[in-house]
């Protein structure tokens, strides 16, 4: 394979990276808190889920969007067959992800296996599990494998990385090295520390995106700049969010402008962290299109030119998602 | 009216016959469905399972109680087809094998939400199957002590049992003081609780079976067949004679009406290799001959495998 391959793994197969267009890199399509699929007070009507997601994706496309990445991993409601149908219907490229985390969201199979003592899975086993989802295809549990995963997504516990979180991070990094697909990580308490765990596995920094860097605690710690300077991608992925934990859109636009002015515009990624359909948890109801309809104008007002915007929305995610 | 919930609808307890009280069609830890290591085609599943159930029926088995928890691969539509085609009554459960097998949605839930889940599955149905759960499974997480989540599940199970009349069946009977405290606080009579796995190789030595029985609980010798004599025994295996002696000693103390026995086997394991050569039919092939050789008469055997389970499984309100 050439050093710089130019395809991206979408749910409908490899697509030339040039075709992605505007990419929203940290979104959720169907997002199901593990276990909610068995809950008596949760209903999952696939036709209804499809209709809701199709409307949101069509709105995104009408606003100029090209690709949505479902960065929720393999165990949070991922429904590959539904996503294939959605992509065919709406014309939006959909990239689905493998990976899991943080620890609290794992099934007991990984945490308390039927061994004595019940030792949680080590990094190498997670690496194998995730890499196979790229090399052999994403699982429809106990039924079949479908297309290749386009991203390896994991997350650390908010209060600080646990030992099992670290195994997940190292496993994700190793799977990325073996398959050429990038890693997305949601940091826990300390973004730079968490990034350094995957870099310690010798994964090049430009194969990593660190999410949640528009969290107020991360910004206060100077994490966006520090992560960008290490060479990883900085995802400001709560565009449109209004909760107290994150920056407002106005503050977020200012942060983007600061990063661009510091010469780090080629490290910035934007996304809404929207939940197309949420089951078993509140989700984030911001439309995918908000990024283009509401946030890009704020960037323009900050003096960012078309070239800057295009780099952030098109070129940076294209580089990240290209299989190396 | 005597009534027991099976996956094909309520049946009179008089029809249950010989009951295997703690079994699995197929068990896997939550998340094991993501690991293709364990996948088998539906053809293989039926091929591994149907002959075991047919043999169970031919031996005189009547009812198979599946205690695979909500997140462990419980598959009621599959059980319905197995039951309809083999003639074995199958009782499915609501609840969890232990807090460490409850996925985040349930691990974050409070007692009221868990109670609502259990009651719904017992009175309205499991998913969209229309089948009603016939027992409530609870258990102690790995580590030997009840976690806060384990206790919430026990408390919800007690409330659901009182509301619906369905009994409670436990995975492990260690840390029983905490379990019994919860049941007593909720007012659930202990004869509605089967404290299981008192006989397994890891926990038998620290399970207060006599004390639990003195409090009124039912006692499950339900890992028969997991023996150190097997070619590849699991870590919870125990020498065959030691388990048998334990059972006979306990029964000999005048507790025949409080014991139940089973094999805890998987017809076709979902998320682990399983234990080669161990099936529910150990009960007929090995245990009954051992019990008869030890002098148990047919009336005693009937008490353990027919009368005790019928009394336990009958809805009581």
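Residue numbers (this note's numbering), protein chains in the order written: chain A, 543 to 866; chain B, -14 to 302. Backbone N, C-alpha and C define an ideal beta-carbon position, used for all residues, glycine too. Model, not experiment: these values are computed from the prediction.
Helix, strand or coil at residue i [DSSP, three-state]
i                      : result
residue 549 of chain A : strand
residue 740 of chain A : helix
residue 163 of chain B : helix
residue 778 of chain A : strand
residue 176 of chain B : helix
residue 813 of chain A : coil
residue 95 of chain B  : coil
residue 543 of chain A : With a pLDDT of 42 at residue 543 of chain A, under the threshold of 50, the predicted position of this residue should be treated as unreliable, though the coordinate-derived value follows. Coil at residue 543 of chain A, not helix or strand.
residue 578 of chain A : helix
residue 13 of chain B  : coil
residue 260 of chain B : coil
residue 266 of chain B : coil
residue 761 of chain A : helix
residue 5 of chain B   : strand
residue 21 of chain B  : helix
residue 302 of chain B : coil
residue 294 of chain B : helix
residue -10 of chain B : strand
residue 84 of chain B  : helix
residue 79 of chain B  : strand
residue 202 of chain B : coil
residue 555 of chain A : strand
residue 152 of chain B : coil
residue 273 of chain B : helix
Cβ of residue i within 8 Å of any chain E Cβ
i                    : result
residue 7 of chain B : In summary, chain E is missing from the structure at hand, where the protein chains are A and B.
Beta-carbon spacing of residue i, residue j below 8 Å
i                      : j                      : result
residue 708 of chain A : residue 616 of chain A : no
residue 139 of chain B : residue 167 of chain B : yes
residue 562 of chain A : residue 693 of chain A : no
residue 263 of chain B : residue 250 of chain B : yes
residue 689 of chain A : residue 551 of chain A : yes
residue 725 of chain A : residue 691 of chain A : no
residue 649 of chain A : residue 576 of chain A : yes
residue 277 of chain B : residue 217 of chain B : no
residue 12 of chain B  : residue 254 of chain B : yes
residue 61 of chain B  : residue 154 of chain B : no
residue 782 of chain A : residue 711 of chain A : no
Buried or exposed by the 16-neighbour rule on C-beta atoms within 10 Å, applied to residue i
i                      : result
residue 621 of chain A : buried
residue 631 of chain A : exposed
residue 213 of chain B : exposed
residue 629 of chain A : buried
residue 32 of chain B  : exposed
residue 765 of chain A : buried
residue 744 of chain A : exposed
residue 865 of chain A : buried
residue 658 of chain A : exposed
residue 37 of chain B  : buried
residue 569 of chain A : buried
residue 852 of chain A : exposed
residue 804 of chain A : exposed
residue 24 of chain B  : buried
residue 152 of chain B : buried
residue 219 of chain B : buried
residue 545 of chain A : Model confidence at residue 545 of chain A stands at a pLDDT of 48, short of 50, so the residue's coordinates are unreliable and nothing is read from them.
Whole-number beta carbon distance between residue j and residue i, since they are thought to touch under 8 Å
i                      : j                      : result
residue 662 of chain A : residue 653 of chain A : 5 Å
residue 717 of chain A : residue 777 of chain A : Incorrect: roughly 19 Å between the Cβ atoms, too far for contact.
residue 822 of chain A : residue 574 of chain A : 6 Å
residue 727 of chain A : residue 753 of chain A : 7 Å
residue 1 of chain B   : residue 298 of chain B : 7 Å
residue 816 of chain A : residue 798 of chain A : Not quite, the Cβ-Cβ distance comes to about 18 Å (not below 8 Å), so this is no contact.
residue 50 of chain B  : residue 6 of chain B   : 5 Å
residue 182 of chain B : residue 198 of chain B : 15 Å between Cβ atoms; not a contact.
residue 142 of chain B : residue 123 of chain B : 5 Å
residue 714 of chain A : residue 696 of chain A : 5 Å
residue 42 of chain B  : residue 72 of chain B  : 5 Å
residue 595 of chain A : residue 761 of chain A : Not quite, the Cβ-Cβ distance comes to about 31 Å (not below 8 Å), so this is no contact.
Any non-hydrogen atom of the ligand ATP closer than 7 Å to residue i Cβ
i                     : result
residue 87 of chain B : Summarising the ligand content, the structure contains no ligands, and the ligand ATP is consequently not present.
Quick check for students: name the residue ranges of the beta strand (DSSP E) that lie wholly in the region 32 to 76 of chain B, counting only runs of 3 or more.
46 to 51, 74 to 76
Could you name each continuous beta strand (DSSP E) segment of 3 residues or more that falls completely within the region 86 to 137 of chain B, going from the start of the chain to the end?
120 to 124
Secondary structure, alpha helix (DSSP H): runs of 4+ residues fully inside the region 211 to 257 of chain B:
225 to 235
Which residue spans inside the region 678 to 751 of chain A form an unbroken alpha helix (DSSP H) run of at least 4?
705 to 721, 733 to 741
Beta strand (DSSP E) runs wholly inside the region 578 to 660 of chain A, at least 3 long, in chain order:
607 to 612, 635 to 640
Report the start-end ranges of each alpha helix (DSSP H) in the region 796 to 846 of chain A that is 4 residues or longer and not cut off at the edges.
838 to 843
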